[in-house]
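Just so you know, the sequence shown maps onto residues 338 to 483 in our numbering. Scroll down for the structure; my scribbles are underneath it.
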Amino acid sequence: MDKKMQSIDEVQQEIIDEFSIYGDWMDKYALIIEQGNALEPLDEAYKTPENIIQGCQSRVWLQTEYRDGKLYFRAESDALIVKGLLALVLKVFSGRTPDEIIQTDLRFMKEIGLTEHLSPTRSNGLLSVIKQIRYYAIAFKVKEEN
């Protein structure tokens, strides 16, 4: 990993640029599904009740690892679109410090039009995942300070 890690804002801009190529939402959904298919499968050992995200209509597991001052996330869902949404969120947050996660304005979702094209239940589920990621960031930040 010689390449300098992109900032969260650069990653978000990359996602926005990638989605801006497509005008049609069917194409954007196909891109979301493609992102999900590229997501590394979550080991069965992490598909436990404590890793399930509450508030999601489909089943979503989020596994967190904290090392060298950064949080690394892996996730999986049994729904294709949700898995793609997870891939986008993890692309932005995984490998970041708790402070970076806490301070991020997650603007890519609004800018690519996700907020108005997701069903309310899917939207709530995605927000639950983001909320859980932020909770982990806060918890590890507090643990770091003590």
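Quick reminder that beta carbons are idealized off the backbone N, C-alpha and C, glycines included. All of these numbers come straight from a predicted model, not from anything done at the bench.
Query                                                                                                : Result
For K407, the first and last residue of its enclosing beta strand (DSSP E)                           : K407 to S414
Coil, strand or helix - Q372 by DSSP                                                                 : helix
Opposing strand residues paired with E402 [DSSP bridges]                                             : Y409
Cβ neighbours of I353 in the same chain (closer than 7 Å, five flanking residues each side left out) : F445, E448 and I449
Proximity of I390 and V466 at Cβ, strictly below 7 Å                                                 : yes
Residue closest to C393, alpha-carbon to alpha-carbon, out of A474, P457, F477 and E481              : P457
Limits of the alpha helix (DSSP H) - the one that E481 falls within                                  : P457 to E482
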